[in-house]
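Trainee:
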Amino acid sequence: MIRNSGLFPETFRIDGRAIGPTQPPYIIAELSANHKGDLGRAIDLIDAAAASGADAVKLQTYRPDTITLNHNGPEFRIEDGLWAGRTLFDLYEDAHTPWEWHKPLFERAKAQGITLFSSPFDSSAIELLEDLRSPAYKIASFEITDIGLIQRAVTTGKPIIISTGLATLDEIVEAVDTVRDAGGTQLALLHCISGYPTPLEDCNLRTITDLKSRFRFPVGLSDHTVDSIASITAVALGASIIEKHFTLDRNDGSVDAAFSLAPKQFKALVDESKRAWKSLGVAGYEIKQSEAGGREFRRSLYVSKPIKQQEKFTEDNIRSVRPGLGLHPRYYPDVLKATATQDLTIGTALSWEHIDKGTKT
137 MIRNSGLFPE TFRIDGRAIG PTQPPYIIAE LSANHKGDLG RAIDLIDAAA ASGADAVKLQ
197 TYRPDTITLN HNGPEFRIED GLWAGRTLFD LYEDAHTPWE WHKPLFERAK AQGITLFSSP
257 FDSSAIELLE DLRSPAYKIA SFEITDIGLI QRAVTTGKPI IISTGLATLD EIVEAVDTVR
317 DAGGTQLALL HCISGYPTPL EDCNLRTITD LKSRFRFPVG LSDHTVDSIA SITAVALGAS
377 IIEKHFTLDR NDGSVDAAFS LAPKQFKALV DESKRAWKSL GVAGYEIKQS EAGGREFRRS
437 LYVSKPIKQQ EKFTEDNIRS VRPGLGLHPR YYPDVLKATA TQDLTIGTAL SWEHIDKGTK
497 T
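For our numbering, add 136 to where a residue sits in the sequence shown, where the first one is 1.
#1: Take residue 305 as the anchor and find which of 412, 317 and 326 has the nearest alpha-carbon.
#2: State the Cα-Cα distance for the pair residue 191 and residue 367, rounded to the nearest angstrom.
#3: Considering Cα atoms alone, identify which of 248, 200, 252 and 239 is closest to residue 166.
#4: Would you say the beta carbon of residue 293 comes nearer than 7 angstroms to a heavy atom of the ligand SAM?
#5: Report yes or no: do the region 167-181 and the region 378-389 share at least 3 C-beta pairs separated by less than 8 angstroms?
#6: Looking only at C-alpha atoms, which of 434, 478, 186 and 431 sits nearest to residue 448?
#7: On a CA-only basis, which of 442, 480 and 487 is nearest residue 460? Give me that one, please.
#8: Who are residue 380's beta bridge partners in DSSP?
#9: Where in the region 384-441 do unbroken runs of the beta strand (DSSP E), each at least 3 residues long, occur, reported from the N-terminal end onward?
#10: Can you confirm whether the region 292-300 touches the region 321-338 when touching is taken to mean that 3 or more C-beta pairs between the two stretches lie within less than 8 angstroms?
#11: So what's residue 138 in DSSP terms, helix, strand or just coil?
#12: Grouping DSSP H, G and I as helix and E and B as strand, with all else coil, what is residue 213?
#13: Distance, Cα to Cα, residue 390 vs residue 356?
#14: By the three-class DSSP mapping on this structure, what secondary structure does residue 446 have?
#15: State the DSSP-derived secondary structure class of residue 330, mapped to helix, strand or coil.
#16: Tell me which residue opens and which closes the alpha helix (DSSP H) that residue 228 is part of.
#17: Can you tell which of 360, 309 and 313 has the C-alpha that lies nearest to the C-alpha of residue 334?
#18: Could you tell me the distance, in whole angstroms, from the CA atom of residue 267 to the CA atom of residue 338?
#19: Please report the straight-line C-alpha distance between residue 240 and residue 424, rounded to a whole angstrom.
#20: Buried or exposed: where does residue 375 fall if 16 or more other Cβ atoms within 10 Å of its Cβ makes it buried?
#21: Give every residue of the same chain whose Cβ lies closer than 6 angstroms to the Cβ of residue 316, excluding the five residues on either side of it in the sequence, and list them in chain order.
#22: I believe residue 301 touches residue 277 by the beta-carbon criterion, under 8 angstroms. Please report the beta-carbon distance rounded to the nearest angstrom.
#23: Where residue 321 and residue 365 are concerned, what is the direct C-alpha to C-alpha distance, given to the nearest angstrom?
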């Protein structure tokens, strides 16, 4: 069943850039924790993202004490994966973007001509981002059930992007309905698998087409795989937004480096995603300019051996061959029932004037 059809537009804008199925994919470079606690490096990341052709850079706005508790209990400790053995508080202390960095980062993005926005993790983060005139808000996968956070983000009147990692379909519908009920008018969903990194076989990218059919507004991919094949495939499946983690060097030990792309890789992602989108075109069956002239090289009926006047056409003296300047192959059975009106040489393109219709049996 299609849900929420028509509630949100198929195309909306972030910072003036149109986003939707008729537009090139909107590519977001996710900085996350790849600044390694260095403001200069964060600025360099923005510069490199702009040079790579990204449409936007995204931050994550939280402090460790706004996202978890400083507690060492087993439920606050990560047991496996990239960050095994660390507490949540320790990880977020290491990974967060200090709030005093936000203003210089927004200023740098503006100077570079690239959009910057963020994922807020509580209302105080939204207040900071509103002061900086963030043009959009991204709700992270783990926050999709934080209904109050979604409602607060919607009250800004800005476009909302929600990642769906870990969410059931019912939880996705609840989040969408929350945006609607709070008065939101611009919404996109990002299919997401919250595995870090995500194995390619877990991507289930066909979910993108299912989300598109259910919700009828922009859908994209938040990609945590180690390369770009999932993102490019997602564009081919109709993704309007691609979000990918970005780093300066995949071997620098930054928190998210294992599933981030370096500048050259990210530029390739941008270029190939746009090429994939361009190849989609529109549904249609008209002859394209690149095909012009090709129709004459399709098959048609030709004389394959000399034929005398009143001689019967046979499988031995006429054939369906290239080029296509003779009778359509559909008439082959009819011609075999008739005789020739004149002598015909090999290589003659058959036409109706060669066919004695009165002899058809």
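Every residue gets a Cβ at the ideal spot worked out from N, C-alpha and C, and that includes glycine. In this text the structure is predicted, and so the values were computed from the model without any measurement.
Mentor: Looking at the coordinates:
#1: One-based indexing of the sequence shown puts residue 305 at position 169. The alpha carbon of residue 305 has as its nearest neighbour, out of 412, 317 and 326, the alpha carbon of 326.
#2: Within the sequence shown, the letter at position 55 stands for residue 191. Within the sequence shown, the letter at position 231 stands for residue 367. When the Cα atoms are used, residue 191 and residue 367 turn out to be separated by approximately 15 angstroms.
#3: For this step, residue 166 is matched to residue 30 along the sequence shown. Comparing Cα positions, the closest option is 252.
#4: Only the bare structure without any ligand can be found here, which leaves the ligand SAM out of the picture.
#5: With contact defined as three or more Cβ pairs closer than 8 angstroms, the region 167-181 and the region 378-389 are in contact.
#6: Within the sequence shown, residue 448 is the residue found at index 312, counting from 1. Just measuring C-alpha positions, the residue of 434, 478, 186 and 431 sitting nearest residue 448 is 478.
#7: For the purposes of this step, residue 460 is taken as the residue at position 324 of the sequence shown. Comparing alpha-carbon positions, the option among 442, 480 and 487 lying closest to residue 460 turns out to be 487.
#8: Here residue 380 is taken as the residue at index 244 of the sequence shown, counted from 1. Beta-bridge annotation (DSSP): residue 380 is paired with 165 and 359.
#9: If we require 3 residues or more, the beta strand (DSSP E) runs fully inside the region 384-441 come out as 436-439.
#10: Touching, yes, given that three or more Cβ pairs across the two stretches are closer than 8 angstroms.
#11: The sequence position of residue 138 within the sequence shown is 2, counting from 1. Only weak support is given to the placement of residue 138: the predicted model assigns it a pLDDT of 47, under 50, and the question is left unresolved by the model.
#12: Here residue 213 corresponds to residue number 77 of the sequence shown, with the count starting at 1. It is a strand residue.
#13: Numbered from its first residue, the sequence shown carries residue 390 at position 254. Numbered from its first residue, the sequence shown carries residue 356 at position 220. As the crow flies, the alpha-carbon of residue 390 is around 26 angstroms from that of residue 356.
#14: Here residue 446 refers to the residue found at position 310 of the sequence shown. Residue 446 falls in the coil class under three-state DSSP.
#15: Counting from 1 along the sequence shown, the entry for residue 330 is found at position 194. It is coil, neither helix nor strand.
#16: One-based indexing of the sequence shown puts residue 228 at position 92. Unbroken alpha helix (DSSP H) run through residue 228: 224-231.
#17: Walking along the sequence shown from the start, residue 334 turns up at place 198. In this structure, 360 is the residue among 360, 309 and 313 with its C-alpha nearest to the C-alpha of residue 334.
#18: The residue given as residue 267 occupies position 131 in the sequence shown. The residue given as residue 338 occupies position 202 in the sequence shown. Approximately 39 angstroms between the Cα atoms of the pair.
#19: As a first step, residue 240 is located in the sequence shown; it is residue number 104 there, counting from the start. As a first step, residue 424 is located in the sequence shown; it is residue number 288 there, counting from the start. C-alpha of residue 240 to C-alpha of residue 424: approximately 49 angstroms in a straight line.
#20: Counting from one through the sequence shown, the residue named residue 375 turns up at place 239. Counting Cβ neighbours within 10 Å, residue 375 comes out buried, since at least 16 surround it.
#21: If you number the sequence shown from 1, residue 316 lands on position 180. Counting only Cβ-Cβ distances below 6 angstroms, and skipping sequence neighbours, we find 143.
#22: One-based indexing of the sequence shown puts residue 301 at position 165. One-based indexing of the sequence shown puts residue 277 at position 141. Correct: roughly 3 angstroms between the Cβ atoms.
#23: In the sequence shown, residue 321 corresponds to position 185, counting from 1. In the sequence shown, residue 365 corresponds to position 229, counting from 1. Straight-line spacing of the CA atoms in residue 321 and residue 365 works out to 32 angstroms.
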